[in-house]
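Protein chains in written order, with numbering that gives the first Met the number 0: chain A, 0 to 462; chain B, 0 to 462; chain C, 0 to 462; chain D, 0 to 462. These notes are about the structure you will find just below.
4 protein chains.
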Amino acid sequence: MIKGCFDSLHEECGVIGFYDNNGYDVASMIYLGLFALQHRGQESCGMAINDDNHINQHKDLGLVSEVFTKDILSRLKGTIGIGHVRYSTCGINTRENAQPLVSQYVKGTLSMAHNGNLVNAMKLKSELKARGSIFQTSSDTEVIMHLAAIERTKTKSIEEAMENVMTRIKGAYSLVVMSPRKLIGIRDPQGFRPLCIGKLKDSYILASETCALDVMNAEFVRDVEPGEIVVIDHNGLRSIKAHCGQPKNLCVFEYIYFARPDSKIDGVSVHESRVLAGKLLAKAHPVDADMVIGVPDSGINAAEGYSQESGIPYGYGLVKNRYIGRTFIQPTQSERIESVHIKLNVLKSNVEGKRIVMVDDSIVRGTTCANIIKMLKEAGATEVHMRVSAPPFLWPCYFGTDIPSKKDLIACHNSIEEIRQLIGADSLGFLPADQVKYLCGSNGYCDACFSGDYPIPIEDIEE
Amino acid sequence: MIKGCFDSLHEECGVIGFYDNNGYDVASMIYLGLFALQHRGQESCGMAINDDNHINQHKDLGLVSEVFTKDILSRLKGTIGIGHVRYSTCGINTRENAQPLVSQYVKGTLSMAHNGNLVNAMKLKSELKARGSIFQTSSDTEVIMHLAAIERTKTKSIEEAMENVMTRIKGAYSLVVMSPRKLIGIRDPQGFRPLCIGKLKDSYILASETCALDVMNAEFVRDVEPGEIVVIDHNGLRSIKAHCGQPKNLCVFEYIYFARPDSKIDGVSVHESRVLAGKLLAKAHPVDADMVIGVPDSGINAAEGYSQESGIPYGYGLVKNRYIGRTFIQPTQSERIESVHIKLNVLKSNVEGKRIVMVDDSIVRGTTCANIIKMLKEAGATEVHMRVSAPPFLWPCYFGTDIPSKKDLIACHNSIEEIRQLIGADSLGFLPADQVKYLCGSNGYCDACFSGDYPIPIEDIEE
Amino acid sequence: MIKGCFDSLHEECGVIGFYDNNGYDVASMIYLGLFALQHRGQESCGMAINDDNHINQHKDLGLVSEVFTKDILSRLKGTIGIGHVRYSTCGINTRENAQPLVSQYVKGTLSMAHNGNLVNAMKLKSELKARGSIFQTSSDTEVIMHLAAIERTKTKSIEEAMENVMTRIKGAYSLVVMSPRKLIGIRDPQGFRPLCIGKLKDSYILASETCALDVMNAEFVRDVEPGEIVVIDHNGLRSIKAHCGQPKNLCVFEYIYFARPDSKIDGVSVHESRVLAGKLLAKAHPVDADMVIGVPDSGINAAEGYSQESGIPYGYGLVKNRYIGRTFIQPTQSERIESVHIKLNVLKSNVEGKRIVMVDDSIVRGTTCANIIKMLKEAGATEVHMRVSAPPFLWPCYFGTDIPSKKDLIACHNSIEEIRQLIGADSLGFLPADQVKYLCGSNGYCDACFSGDYPIPIEDIEE
Amino acid sequence: MIKGCFDSLHEECGVIGFYDNNGYDVASMIYLGLFALQHRGQESCGMAINDDNHINQHKDLGLVSEVFTKDILSRLKGTIGIGHVRYSTCGINTRENAQPLVSQYVKGTLSMAHNGNLVNAMKLKSELKARGSIFQTSSDTEVIMHLAAIERTKTKSIEEAMENVMTRIKGAYSLVVMSPRKLIGIRDPQGFRPLCIGKLKDSYILASETCALDVMNAEFVRDVEPGEIVVIDHNGLRSIKAHCGQPKNLCVFEYIYFARPDSKIDGVSVHESRVLAGKLLAKAHPVDADMVIGVPDSGINAAEGYSQESGIPYGYGLVKNRYIGRTFIQPTQSERIESVHIKLNVLKSNVEGKRIVMVDDSIVRGTTCANIIKMLKEAGATEVHMRVSAPPFLWPCYFGTDIPSKKDLIACHNSIEEIRQLIGADSLGFLPADQVKYLCGSNGYCDACFSGDYPIPIEDIEE
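Right, dumping it as structure tokens:
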């Protein structure tokens, strides 16, 4: 499913929470959930488990399967737990930034795992520092934690405190919060990032995506609403909707790229959304060709759709080496081997002599696409028609999608025709910007990266 | 490509050799080649590099990207190198069994990497022990090494010695051998396992599969012939064909399962062979259905073929979690989570209400298939028709395919109809045994695991 | 030198700071300093280096030589640095408690490393939490950090802020503080823990002990005075003495056990102090014997003194295995092997037939001593006279010496004669309580662990 | 005890064997024994345990406490076991050289651990290679293993085979050999290296030194005689003395440096031997001085003796940092810090103004001594008189003591007076060569490194 033409450019996180009422091993369940959400972040991961107001935690750099050993899992006892997977582009000090964030505050322990980006974090941070606050990480989550601790001194409950915090923080946040006796799920009023509720017997789960429920054999209950606070405690689940009711702005890139195809977000199947993107693309940019292929894994589903709509047979043109991992040593310059060729190889016998439609979900810098097209042509493809299941990237994202700066975005400096020439394609078509809406079902969505229409003002001035 | 319904049952290896004439960093090239061959063995790997008759080596348990660090690679200097990836089912003492095997012998250093299994290794080992030989590993390779060292005392060259050794050893062996000044490739007279020759500028490569040549941007020269000894030294490449001319018995499972789809073995594209298997299957076992899906990754290509032949649309029904790795902690019994469900999830929206043809390359014990079919039905598939792109496993393999013992093979104890019921399929069809021949082009092949027709007698009595 | 009869019971830390004016590699110098201070804490260590207001840091569980690799050191660039070694008895979550503590605050970055224990940390923590503060570690250092950040919003400089903080915090603290442009050293007004100033060419060093200066070939300048704030910046070193002038209460256990014998603390050689303790002991508890031995390493120096005063020859009776390390696997109960016997063995030929005076620096539970005495007698010692170079432990320490609770202290429940019988000694003598004063030169000292006379009130009620 | 002026120059090994008759956990006992023998080799270690003719083994680079985890130990089941610790100066490929060496041979499994060096290994290796043998390590042990396997084809028992092997191999070897049902201990006819027998209830132990018996609380039975083969099986212990009766040539350096002071070798206490060396030194090279100090740890015991004989008080002048370990990062040249200063610091207060006698066990290159003397003088010592408890090194050792080549030996190129000037001592005295005999009790000994009198001819020409 996961990474395509622009591996390593996006920044994203996944969150999970588990409130046990059945004697489950909470750490094992969080582990499974994090494993299912691994595609949302491969840099670091962690979990915090509440054992009667004592927090057992472990977090580190690495994949879920690397960070947690049997020994470590067995020490993470407790009845409420939260977990986090993270991906970021900054290389340094990242162990400090691993989540969940765990603290002691006025009412015992407070732990948080956060997916998203605030647009006024720097402003809030300045205000808090002026008050004497200290920050030990560079994550927005710590800003939220500070505000929650301060609000908690003035309110009767953590959920009331969080309700107040939500009037202060602006931007994208899907949060799981753990207090001594409660598991709380919060989704920002715009609903930028997904968050859903599951149930396993009498136990409750919060998760970024439904695929994390499936791996536990849990039942999907519903999505958390934009602006909603969901409180789970010994009384069961209840909801606070004071911040609900604003227009939804779900990140369209969750459908196009981030989420797993087997997840359903706000009622829309990710796989179906991608197939539809392919169909729309086929209508908008038809071409006479012999085979439709997808760039694994990100372009596969849209390629299916393109094939279905166009009637051009679907096939495999590229094979992906799955063993590359974090620790692969890239060849040096002198070896003159393109790093994309190490990951992808052409199915020469299947592309030879054919006119190919190649579908991917985006073009960022263009170099990877150019290399793949070159490989296909060298293998004997007579034509390569590039189709992209999203519009061109033109604007930065402030809500948690790590799009490179404008100077690196090929579409900011070149016309479609110029891009086509740069990547060596015989034709090039993007999903028309006015059709993005069809990918999201009836959900309101944010497509600022394509349109520049930011649904809320960006308060922080970029560094 | 790699592991399907019966992950962890096969035993296989991959080998590579590089003879530098251009100043390439040999260790880096071997590294890339091993990485491309990783699907042939994920348990251990290693390489030995000849630096003017001093051997620099490193081998350990783990994936290529885990075992080799930048530091280690930089210490592996030299101009000739060989490498090995390995998979085995025995859990203990395996570091000792990692290859290449490196030794000092009468003429300096001798190193070997071996893919295959001898059928008279135990007999030879007994003879050698009776002569006073010691064995420090449990691999057949050490038997070959001993024989080579003994023959070398009576012959004028290592290639002549190997020629004599070939009259002693029986079974499957694709070997790369490194002497102080030569790189030698050998394929057994039956040609059970693949081995091919590549060229990169003036440098030579030997590799189990062509995909290892592709990753280096090397040119495919030709396959090593069954029985051929290929000698590469400062005079270039020459060939010894004294053992050539016997009927070829290429392992049909290389096409069905082992090899990467982008490799070409003995002139036949692996991908095309699998697609053809799917087509033959569709002809042999047609069914009225709405969608053909493949079990990722092993059933994908045959599913393509089934779809093309039957006209039933190809689609995705299962999503595979690629992050599972070696270190994943399986849920305990008490968590009641099937391990196959952790790796595979159903694309519910795509299978709901549909009659599904599910294609995989084999059924071993039947439990995994049964679980997948159950998952599909729970997701709303109205029918699941299982199609297997190979005949049923009925016989043990003595040539390097790790098929479980008869007591564990579902097909040894049940009729097709009984298997169908056990796995919960609505219908079940295997590739007819008499059609296996079409998968191998014009190559002679071994299908003893289906037919019991062993091309050479098995001399060792099984322990 | 370091650990004696009661290994693993003390809690202590060591701190170091380096302000470069000569182009030294600051991380390497901090590394050397921490290595020299390793005896003050073997559980975790870390350093933070200020590279023009960006903090490069690394900390982890383990010894200095384990935590820092060449690679890591080379990434820790900068011109001001602080470091910390730590020992604690709590096993869990300790990575979070590793120091230095690094934060962003109103004026950029603020980093601290702390040796000592506050006696009003809990009270201050409660006040801070009531104000909305969060705590991410369980160390007192974070309390000081919070107060500093708050004070800094009201003051003109970090040193002024720290001066104010010192009116709030009570207890033992030797602190190194790093702001964007300053290195600051602070010693609490009672001077419980040592801190000294060194100079290497034009560069300044702060360190817990002089042995850390020696390893860098740095020159000893002077000790920081109790209550003094030493500020080092581009103007050189200056001093703030607003909190100076209270009676000194240097921890007497620094001389008896903690510090390295080659260090000089507040003008007194640690080695000389220990030798003197041995002499006083010989005067107070003379005995007729053949050889004086010390329990390595903590009793060695006092044994020297006992020998010199008594005229009984000094000799070796015990050999210590130095390879035991953190990772040694203790024998199980069933193996019936005393863990002290694994570390210590008797020089049978040297003790056989002799009357032995055995000197150590303390008796805590008594079990270790009992085992050593048993070993000596089994080896043929005819008499074993135990001499302890400190008075009996009777009171808990609140200033950073981890003395077990009263229930575990043998001296709280037994008379001297009862202890003698329990440990199997032929006679037993402790350093008389009224002679402790001689160990500290002219320095005022704290001996509350022996006397119960706490120099300042303990505000926190123990949990 | 362990490493002195010339750390990292010697090559040595330690061996251990355990034959269980009482239900002991053999791996744990071997672990304890190896831990006690760690001073004989810190580079790699390993053990092999015989579980009813199946060998469970583990070996790797590192200290005993690093190489073995609880998990690994628990998998090493069985009733007979052997172990090895090893030190060598060659940095590369050493994992392959780790022992015990384990093999399958004509009669099942054969395992060996070896301490010593053969003087005709190369000659034997050539003969074996000419016969067709292969060598997978560079250790002499493999030569012995080959010969044993060949002899076993012609004899009735492994002990008879070993008896024959002993007629072929020349040099130093203390061997523990494990066959499917026997534990065998062998000491070469000259008795170069020690080997002793212990008993724990009804179980037998073989060990390089008695300190390994002590740690298990085992009873010392006796030393293995030079030339003796000791066979332990279900019938108990029996002895083969066909090779006994030659003059003993115990390595004198075992007493001077290698062995632990608490060990007794061939009836002589190592500690007593060193004290005696100090006494002899005092008689041979008296001097008027204020304090005798030893260089820790190797010079400590001889310093005791010097003090006793001379009447000059014994004291401490140097403190050793024990935390340096394998992984310590040496300062770079530019830091101008002598590596000896990192390990050793002067007790300034104790040497200031004093005339010092400094005792160590050897001078190799002279640089370390020179640095220590410089440190002492800088600390205020008015005179430093160097005394060495052995004669000067003049000849290479072929029996397992790694003495550097002549070009690096200071005594090969300089007179005593020249050495004195080079190291900056006020006087210098070595143990007179004719007094070495007193260190060994009534044992015959080898002092070829001092005298050049090799007790047996060196057949191999040095490479």
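Built from N, CA and C at the ideal position, the CB exists for glycine as well. Note that the structure is a prediction, hence the values are computed from the model and not measured.
Exposure of residue i, with buried meaning 16 or more beta-carbon neighbours within 10 Å
i	result
Tyr437 of chain C	exposed
Lys169 of chain B	buried
Ile239 of chain B	buried
Val129 of chain D	Looking at the sequence provided, one finds Ala at residue 129 of chain D rather than Val. Exposed, because fewer than 16 other Cβ atoms sit within 10 Å of the Cβ of Ala129 of chain D.
Gln41 of chain C	buried
Asp201 of chain A	exposed
Lys406 of chain C	exposed
Gly310 of chain C	exposed
Residue-chain proximity (residue i, chain D), Cβ-Cβ < 8 Å
i	result
Gly301 of chain C	Per the sequence shown, the amino acid found at residue 301 of chain C is Ala instead of Gly. No, Ala301 of chain C lies away from the interface with chain D (no Cβ there is under 8 Å from its Cβ).
Gly131 of chain B	yes
CB contact check: residue i to chain B, cutoff 8 Å
i	result
Val318 of chain A	yes
Gln37 of chain A	yes
Arg85 of chain D	no
His242 of chain A	no
Contact with chain A by residue i, beta-carbon distance below 8 Å
i	result
Gly226 of chain C	no
Tyr254 of chain B	no
Test item: CB-CB of residue i and residue j under 8 Å
i	j	result
Asp401 of chain D	Ala120 of chain D	no
Glu141 of chain D	Arg186 of chain D	no
Gly424 of chain A	Val383 of chain A	The sequence shown places Ala at residue 424 of chain A, not Gly. It is a contact, given that the beta carbons lie within the stated cut-off.
Val356 of chain C	Tyr305 of chain C	yes
Ala47 of chain D	Gln37 of chain D	no
Leu317 of chain B	Ile341 of chain B	no
Arg321 of chain A	Arg39 of chain B	no
Test: residue i CB closer than 8 Å to a CB of chain C
i	result
Pro395 of chain D	no
Lys181 of chain A	no
Taking beta-carbon pairs under 9 Å, can you tell me which members of the segment 268 to 289 of chain B lie near chain D? none
Members of the segment 193 to 217 of chain C near chain D, C-beta cut-off 8 Å: Cys210, Asp213, Val214, Met215, Asn216
Taking any Cβ of chain B, which residues in the segment 349 to 371 of chain A have a Cβ under 8 Å from it, in chain order? Asn349
So if I threshold CB-CB distances at 9 Å, which residues from the segment 23 to 34 of chain B count as touching chain A? Tyr23, Asp24, Ser27, Met28, Tyr30, Leu31, Phe34
Return the chain-ordered ranges of every alpha helix (DSSP H) run that is complete within the segment 217 to 283 of chain C and spans a minimum of 4 residues. 269 to 283
Residues of the segment 95 to 109 of chain A whose Cβ lies closer than 9 Å to any Cβ of chain C, in chain order: Glu95, Leu100, Val101, Ser102, Gln103, Tyr104, Val105, Lys106, Leu109
Taking a cut of 7 Å between CB atoms, which residues from the segment 135 to 146 of chain D lie near chain B? Gln135, Met144, His145
So if I threshold CB-CB distances at 7 Å, which residues from the segment 150 to 171 of chain C count as touching chain A? Thr152
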